[in-house]
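Read the structure below first, then the notes.
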Amino acid sequence: MFDWLDLTAVVFMVWFLLIVIKKIRTKKGELDAFVFFVALAAEIIFVRFNQPGIPVIIARGLSYGGFLFSVLLFDLRTVFQKDLTKLQLKKLKKDFDDLADRSELLRQRFITMLDLLDDGIAFRTDDDMMYGTKAYIDLVPFEEHEFSYEMFLMRMHPDDRSSYKETLNKTSRRKPDFHTKYRMKHKNEYVWIQEKGTRLEYQKRTMFITLIKGLDVKKYPGTNVDVLNQLAIDSAYFEHIQALNHKRNPYTIVVFELSNIPAINEKYGRDIGDLMMGEFITKMAYHFLKDIHAVFRLTGIRFAMVITDFRKVEMLRRALEQGGDLINYRMRFGDVEESVYPSFGLHHVKLFDEPVDATAERVMKALNIALDETTPENYFIIR
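Reading the sequence shown from the start, the letters are residues 1 to 383 in the numbering used here.
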């Protein structure tokens, strides 16, 4: 029944199986298939059916020779290793996709958390690329979260760029923190920005993390005292003195004028002058007042404080005698570094029955004496 199943038939079956495996695994084997079918046709025609034309030995030689050709070119390692590599790559791709999904989820959570902060946060990498949170790009402003350090500097006021770069260059591994103020172009005007940051170094790579917020010159420097536009005016000043007279407790009126502010406004712009006045007034209120509402704006550059604590009055008197910041208070905003030169008139009030306008006029005379060029000090006290 199986008399056809001899060695040659087995060779053809094995040969065919090798061709099929090779075709499936490597997508190759066209030449092997061509030789196989030629040899199979010769075997059937000239050997099995004894047709004349080709001797049996030549037909069998073609069969065994073709089989040997396929065997020699059939690399088991290549065939099965390729399949193994595909499995490994598929697993690696799945692991990579899972890791990428987890990393993206973590990144989105981190960005969302940062965007909840009112202050803007930016990261500057060692390739001078920056990433800013929503609050940051709204302040700067940029349309995209990622931008270059050069683009950031181009938004900054030209007069503040060198000072900003100098501030960052002064940071080091031992002193990584910095604090600076500068102007950034927002729409068609410049706004003041306050920036706090720190320098990070890792494997010879230098990066910066910064925190910024806008400075409202009307409320600088961020205290509960609206030091310029919402300061109480002279009518509230008179009412405050009258209320103290009713209590019949001694108090001291301090009137001061920041005489060089108009020159600063003319040289640098009104916003610089407002910032300097705001910082000086806040310094005075912090050191010498209990009630932060006891500060009054009398004119554009004249202000009044009413001090009810005798110890604070003594501190102020000693500070005036010793000089220092109260005579030459130096401030820096961006690339602008200037001083304010205040003059003080002080009146220790112990009589409570005279009209308040007379009391106010007396302390104003003390200020005018301090402003006189013949007065050696920048203050005058009526005791």
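The C-beta atom is built at its ideal place from N, Cα and C for all residues, glycine as well.
Query: How would you call Gly378, buried or exposed, if buried means at least 16 neighbouring beta carbons within 10 angstroms?; Result: Here residue 378 turns out to be Asn, not Gly, going by the sequence shown. Asn378 should be labelled buried.
Query: Starting from Leu215, trace the beta strand (DSSP E) in both directions and tell me its first and last residue.; Result: 205–215
Query: Have a look at Gln194, Phe333, Thr125, Asn260 and flag the residue whose alpha-carbon is nearest the alpha-carbon of Gln203.; Result: Thr125
Query: Helix, strand or coil, according to DSSP, for Thr308 in the structure here?; Result: coil
Query: Considering only their Cβ atoms, is the gap separating Asp335 from Glu163 smaller than 7 Å?; Result: A small correction: the amino acid at residue 163 is Ser; Glu does not occupy that position in the sequence shown. Their beta carbons are under 7 Å apart, which means Ser163 touches Asp335 by this criterion.
Query: I need the DSSP call for Tyr64, collapsed to helix, strand or coil.; Result: helix
Query: Expressed to the nearest angstrom, what Euclidean distance is found between the alpha-carbon atoms of Phe2 and Lys93?; Result: With a pLDDT of 41 at Phe2, under the threshold of 50, the predicted position of this residue should be treated as unreliable, and no value is reported.
Query: Tyr190 to Leu99, Cα distance in whole Å?; Result: 44 Å
Query: What residue does the beta strand (DSSP E) around Thr252 start on, and which one ends it?; Result: 251–258
Query: I need the boundaries of the alpha helix (DSSP H) containing Tyr136, first residue and last residue.; Result: 134–139
Query: Take Glu146 as the anchor and find which of Val140, Ala135, Met130 has the nearest alpha-carbon.; Result: Met130
Query: Short of 8 Å in beta carbon distance, which residues of its chain neighbour Val11, apart from the five on each side in sequence? Order them along the chain.; Result: Ser63, Tyr64, Phe67
Query: Between the Cα of Leu278 and the Cα atoms of Tyr251, Phe333, Gln242, Arg311, which residue gives the shortest distance?; Result: According to the sequence provided, residue 278 is Gly. The question's Leu does not apply to it. That would be Phe333, whose Cα lies nearest to the Cα of Gly278.
Query: Smallest Cα separation from Val254: which of Gly345, Gly197, Thr359, Glu338?; Result: Gly345
Query: Quick one: Cα of Ser343 to Cα of Asp127, how far?; Result: 51 Å
Query: Taking just the CA atoms, how far does Val140 sit from Leu184?; Result: The question names Leu, but residue 184 in the sequence shown is Met. Looking at the two C-alpha atoms, the distance is approximately 6 Å.
Query: For a quick check, are the C-beta atoms of Leu316 and Phe352 less than 7 Å apart?; Result: no
Query: Given a threshold of 16 other Cβ atoms within 10 Å of its Cβ, counted over all protein chains shown, does Ser235 qualify as buried or as exposed?; Result: exposed
Query: Let me know if Arg248 comes out buried or exposed under the rule of 16 or more other beta-carbons within 10 Å of its beta-carbon.; Result: exposed
Query: Quick check: what's the CA-CA separation for Asp97 versus Lys91?; Result: 10 Å
Query: Quick check on Asp226: does DSSP put it in helix, strand or coil?; Result: Model confidence at Asp226 stands at a pLDDT of 47, short of 50, so the residue's coordinates are unreliable; what they give is reported in the following sentence. Three-state DSSP puts Asp226 in coil, outside helix and strand.
Query: Span of the alpha helix (DSSP H) holding Ile261?; Result: 261–268
Query: Start and end of the beta strand (DSSP E) containing Lys185?; Result: 177–186
Query: Between Glu195 and Ile212, which are expected to be in contact by the criterion C-beta below 8 Å, what is the C-beta distance as a whole number of angstroms?; Result: 5 Å
Query: If distances are taken between C-alpha atoms only, which option among Thr8, Leu7, Asp32 comes closest to Leu18?; Result: Asp32
Query: Taking only the alpha-carbon atoms, compute the straight-line gap between Leu281 and Gly273 and give it to the nearest angstrom.; Result: Inspection of the sequence shows that residue 281 is occupied by Ile rather than by Leu. Using only the alpha carbons, I get a separation of about 12 Å.
Query: Looking only at C-alpha atoms, which of Lys350, Ile45, Asp325, His347 sits nearest to Tyr341?; Result: Asp325
Query: Please report the straight-line C-alpha distance between Tyr286 and Met305, rounded to a whole angstrom.; Result: 12 Å
Query: Mapping the DSSP letters down to three states, classify Ile19 as helix, strand or coil.; Result: helix
Query: Tell me the rounded alpha-carbon separation between Gly120 and Leu320.; Result: 40 Å
Query: Which one of Leu72, Gly132, Asp271 has the shortest CA to CA distance from Trp15?; Result: Leu72
Query: Could you tell me the distance, in whole angstroms, from the CA atom of Pro376 to the CA atom of Ile369?; Result: 10 Å
Query: So the beta strand (DSSP E) Ala458 belongs to, where does it begin and stop?; Result: The requested residue 458 is not part of the displayed model; the chain covers only 1 to 383.
Query: Tell me which same chain residues have a C-beta within less than 7 Å of the C-beta of Lys405, skipping the five on either side of it?; Result: Within the shown structure, residues of the chain are numbered from 1 to 383, placing residue 405 beyond reach of any answer.
Query: Exposed or buried, what is Ser70 when buried is set at 16 or more other beta-carbons lying within 10 Å of its beta-carbon?; Result: buried
Query: I need the straight-line Cα distance from Asp160 to Phe152, nearest angstrom please.; Result: 12 Å
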